[in-house]
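If you read the protein sequences in the order shown, they are chains A and B.
The numbering of the first sequence is the working numbering, which starts it at 1 and goes up by one.
The numbering of the second sequence is the working numbering, which starts it at 210 and goes up by one.
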Amino acid sequence: MSIINEISENLQKGKAKLVKEQVQTAIDEGVASKDILSALLDGMNVIGEKFKNNEVYVPEVLVAARAMNMGMQVLKPLLASDGVQAKGKVCIGTVQGDLHDIGKNLVKMMLEGKGLEVIDLGTDVSPEAFVNAAIENDCQIICCSALLTTTMGVMGDVVKAAEDAGIRDKVKIMIGGAPVSEEFCRMIGADCYTSDAASAADAAVELCK
Amino acid sequence: MSYSDGIAAINLEMPDRVPRTEYSAALYHLDLINAVLGTTLTPTSSEDDKRKAGSEFRKAWDYGLEWSIDVEASEFGEVRTKMGHAAYSAGNTDYDSEIKSYFNNVDDVLSFDAMKLLPSYTHSELVKRFNNGYASKCSRDPDLVNTMGTYVTAVSALIDLFGWELLLDGLAEDSEQMGKVLERYSQWIQKYYNAFADSDAPVIMIHDDIVWTSGPFVSPEWYRKYVFPCYKRYLDPLKQAGKKVLFTSDGTYNVFIDDIAECGFDGFVMEPTTDMEYIAQKYGRTHSFIGNADTRILLSGTKEAIENEVKRCMDIGKKCPGFIMAVGNHIPANTPVENALWYNECFERMRKR
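Structure below.
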């Protein structure tokens with residue numbers, strides 16, 4: 001099996017340390033950085049599809065994502081020097097008043113698994129903070145997460161803040177979380193609602209095109 | 210009337226009116242309470258005033274049952290993970306950003322032994338505590354079914370002990386060992402169910418947030434190997450004592466409805482995304498069930514949409530002897546008062562059999 005295939009296979013098994021070593025080996029052997037990146041993304045893609053089909057669950061996604069991050073730690077400087085760019089930039093956070101982060105973290109992993117650069121704003125993020133982060137980092141997408149009906153309303157404030165800042169036509173707003181729905185997305189004028197992390201990543205890639 | 214309707218439903222005796230319960234409204238929705246009772250509560254009102262008003266609200270809204278549990282994460286003392294608390298109640302008085310954990314890493318989690326680290330009580334201590342608690346609830350709200358029960362039953366216990374990140378890490382690292390952690394925990398909490406069995410409470414509520422809105426977060430086989438066998442052990446003394454035992458989980462537990470029935474539960478409590486129609490069709494003659502109007506429709510729906518939602522639930526449940534109406538999973542403080550009042554009006558109009 002080639003080193004590229006091994007990287008993908010071991011990522012899928014969540015073997016973070018091994019993936020890191022094998023990425024370094026691949027670099028040392030002169031494999032192009034974009035090909036190593038493809039191996040990592042392919043591995044996460046397989047996991048993403050399996051996750052959508054209920055063949056793997058959250059723990060498996062978590063360890064696969066960790067393996068990807070370990071590989072990326074080694075690969076990132078090379079990607080930068082080779083001019084390999086992310087497919088897009090996303091800032092993500094849980095909205096103001098809400099501290100739930102596991103769903104947001106899962107979406108972040110899946111977004112990175114699709115080759116997107118993600119700026120994680122954490123939890124309890126104000127509408128202004130979302131907008132400022134999008135402007136400062138030149139993000140194409142703002143991703144908002146909420147777990148309660150008492151906090152999801154802030155997502156509407158994020159849309160308004162983006163309008164007030166004059167960036168609404170430049171930034172897509174995606175929303176998700178347990179109480180959120182397609183109808184709510186339409187109601188607040190957001191661009192996209194997805195019901196799970198894997199679909200969110202697919203949608204984000206499309207929005208960045 | 211309320212208690213008799215509630216207990217009749219629990220006992221599958223088809224009361225003349227569909228009983229109801231609600232979550233959160235009587236505790237946190239001060240504007241709604243004020244609108245219904247004519248009180249002037251604010252977030253800074255005394256806890257005693259809020260408690261009394263809550264009881265009056267339950268009376269005014271004819272609650273047949275009050276969802277309540279008694280064993281939660283505070284039972285663990287410092288051996289737990291605090292993940293903070295999002296803003297929920299009126300005035301956001303419950304917001305808490307404290308995040309800290311007793312556990313440092315996955316090794317700590319996978320070696321955790323509840324029997325060694327969590328506090329221990331004798332059977333008689335627990336029975337006394339539960340009887341005092343039940344008496345207190347009945348004194349506060351005498352005309353409805355008061356439940357006693359556990360919040361940190363199995364999966365919810367793991368969440369409260371370890372936090373999501375370490376729990377998922379543990380499951381990823383060694384799901385079998387995590388199963389053993391749960392088994393040890395179940396040995397520790399078993400004494401609570403033994404005590405409930407000898408207590409005065411006729412209805413026991415077992416809460417366990419086993420799934421997400423998207424469904425199981427870990428392989429269903431893991432639940433079947435480790436979680437549901439715990440439930441069977443917990444229910445054994447309760448069933449022998451003739452208690453009615455209801456199961457509650459947030460999220461979507463459709464894939465586990467049959468497993469839960471097989472554990473021996475007498476009733477289901479669910480959120481809107483769990484399939485109440487399936488439960489009604491398969492278990493409507495043999496089990497009670499509580500649910501599942503969608504709180505989001507009360508939050509932002511039209512009067513027509515709210516009425517249709519009540520009708521949806523009534524169409525499913527009214528023909529079943531054990532149906533109890535509720536909004537899932539709560540009527541929180543940001544629900545427009547007029548919408549909540551309209552929902553109640555629709556419910557009162559449609560509840561008569």
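Just so it is clear, CB atoms sit at the ideal spot from N, CA and C, and this is done for glycine as well.
Note that this is a predicted model, so its numbers are computed, not measured.
Does chain B have any CB closer than 8 Å to the CB of residue i?
{"i": "Gly83 (chain A)", "result": "no"}
{"i": "Val125 (chain A)", "result": "no"}
{"i": "Gly176 (chain A)", "result": "no"}
{"i": "Glu60 (chain A)", "result": "yes"}
{"i": "Thr194 (chain A)", "result": "no"}
{"i": "Met187 (chain A)", "result": "yes"}
{"i": "Ile214 (chain A)", "result": "Outside the shown range of chain A (1 to 209) lies residue 214 (chain A), about which nothing can therefore be said."}
{"i": "Ser181 (chain A)", "result": "yes"}
{"i": "Val159 (chain A)", "result": "no"}
{"i": "Ile102 (chain A)", "result": "yes"}
{"i": "Leu121 (chain A)", "result": "no"}
Rounded to whole angstroms, what is the Cα-Cα separation between residue i and residue j?
{"i": "Asp169 (chain A)", "j": "Ala26 (chain A)", "result": "41 Å"}
{"i": "His416 (chain B)", "j": "Trp276 (chain B)", "result": "10 Å"}
{"i": "Lys527 (chain B)", "j": "Leu40 (chain A)", "result": "54 Å"}
{"i": "Gly122 (chain A)", "j": "Pro446 (chain B)", "result": "45 Å"}
{"i": "Ile188 (chain A)", "j": "Gly176 (chain A)", "result": "13 Å"}
{"i": "Asp225 (chain B)", "j": "Tyr297 (chain B)", "result": "35 Å"}
{"i": "Val84 (chain A)", "j": "Leu75 (chain A)", "result": "11 Å"}
{"i": "Val158 (chain A)", "j": "Met109 (chain A)", "result": "22 Å"}
{"i": "Gln393 (chain B)", "j": "Val90 (chain A)", "result": "What sits at residue 393 (chain B) in the sequence shown is Arg, not Gln. Each residue's Cα considered, the two are about 42 Å apart."}
{"i": "Phe371 (chain B)", "j": "Asn243 (chain B)", "result": "39 Å"}
{"i": "Pro77 (chain A)", "j": "Glu55 (chain A)", "result": "34 Å"}
{"i": "Cys472 (chain B)", "j": "Glu163 (chain A)", "result": "53 Å"}
{"i": "Glu265 (chain B)", "j": "Asp352 (chain B)", "result": "11 Å"}
{"i": "Val118 (chain A)", "j": "Lys104 (chain A)", "result": "11 Å"}
{"i": "Gln12 (chain A)", "j": "Ala235 (chain B)", "result": "48 Å"}
{"i": "Phe456 (chain B)", "j": "Met414 (chain B)", "result": "6 Å"}
{"i": "Asn355 (chain B)", "j": "Ala410 (chain B)", "result": "8 Å"}
{"i": "Val180 (chain A)", "j": "Thr151 (chain A)", "result": "10 Å"}
{"i": "Ala262 (chain B)", "j": "Glu256 (chain B)", "result": "10 Å"}
{"i": "Leu550 (chain B)", "j": "Ser254 (chain B)", "result": "23 Å"}
{"i": "Ile102 (chain A)", "j": "Lys561 (chain B)", "result": "43 Å"}
{"i": "Met495 (chain B)", "j": "Asp475 (chain B)", "result": "The identity of residue 495 (chain B) in the sequence shown is Thr, whereas the question assumes Met. Distance between the alpha carbons of Thr495 (chain B) and Asp475 (chain B): 8 Å."}
{"i": "Ser81 (chain A)", "j": "His100 (chain A)", "result": "37 Å"}
{"i": "Asp28 (chain A)", "j": "Glu21 (chain A)", "result": "10 Å"}
{"i": "Pro127 (chain A)", "j": "Ala161 (chain A)", "result": "6 Å"}
{"i": "Leu250 (chain B)", "j": "Val478 (chain B)", "result": "30 Å"}
In the structure shown, what three-state DSSP assignment does residue i receive?
{"i": "Lys452 (chain B)", "result": "coil"}
{"i": "Lys87 (chain A)", "result": "coil"}
{"i": "Val427 (chain B)", "result": "coil"}
{"i": "Glu275 (chain B)", "result": "strand"}
{"i": "Gly476 (chain B)", "result": "strand"}
{"i": "Asp35 (chain A)", "result": "helix"}
{"i": "Met1 (chain A)", "result": "coil"}
{"i": "Gly189 (chain A)", "result": "coil"}
{"i": "Cys143 (chain A)", "result": "strand"}
{"i": "Val390 (chain B)", "result": "helix"}
{"i": "Ala563 (chain B)", "result": "In the structure as shown, chain B begins at 210 and stops at 562. Residue 563 (chain B) is therefore absent and cannot be evaluated."}
{"i": "Glu471 (chain B)", "result": "helix"}
{"i": "Val420 (chain B)", "result": "strand"}
Give a yes or no on whether the C-beta atoms belonging to residue i and residue j are separated by under 8 Å.
{"i": "Val361 (chain B)", "j": "Glu284 (chain B)", "result": "yes"}
{"i": "Leu207 (chain A)", "j": "Ile141 (chain A)", "result": "yes"}
{"i": "Met174 (chain A)", "j": "Asp202 (chain A)", "result": "no"}
{"i": "Met70 (chain A)", "j": "Met44 (chain A)", "result": "no"}
{"i": "Met534 (chain B)", "j": "Arg260 (chain B)", "result": "no"}
{"i": "Gly215 (chain B)", "j": "Asp279 (chain B)", "result": "no"}
{"i": "Leu246 (chain B)", "j": "Ala269 (chain B)", "result": "yes"}
{"i": "Tyr432 (chain B)", "j": "Gly97 (chain A)", "result": "no"}
{"i": "Leu37 (chain A)", "j": "Ala381 (chain B)", "result": "no"}
{"i": "Gly379 (chain B)", "j": "Lys434 (chain B)", "result": "no"}
{"i": "Ile308 (chain B)", "j": "Gly293 (chain B)", "result": "yes"}
{"i": "Asp459 (chain B)", "j": "Asp503 (chain B)", "result": "no"}
{"i": "Tyr237 (chain B)", "j": "Pro481 (chain B)", "result": "no"}
{"i": "Asp196 (chain A)", "j": "Ser423 (chain B)", "result": "yes"}
{"i": "Thr290 (chain B)", "j": "Phe312 (chain B)", "result": "yes"}
Does the CB of residue i have a neighbour CB from chain A at under 8 Å?
{"i": "Ser264 (chain B)", "result": "no"}
{"i": "Trp551 (chain B)", "result": "no"}
{"i": "His294 (chain B)", "result": "yes"}
{"i": "Trp276 (chain B)", "result": "no"}
{"i": "Ser428 (chain B)", "result": "yes"}
{"i": "Ser365 (chain B)", "result": "no"}
Let me know the beta strand (DSSP E) ranges lying completely inside the region 324-363 of chain B, each 3 residues or longer, listed in chain order. 357-359
Which full runs of the beta strand (DSSP E) of 3+ residues lie inside the region 483-521 of chain B, going along the chain? Taking only runs of at least 3 residues, the beta strand (DSSP E) segments lying wholly in the region 483-521 of chain B are 497-503.
Along the chain, which unbroken stretches of the alpha helix (DSSP H) at least 4 residues long are found entirely within the region 36-109 of chain A? 58-81
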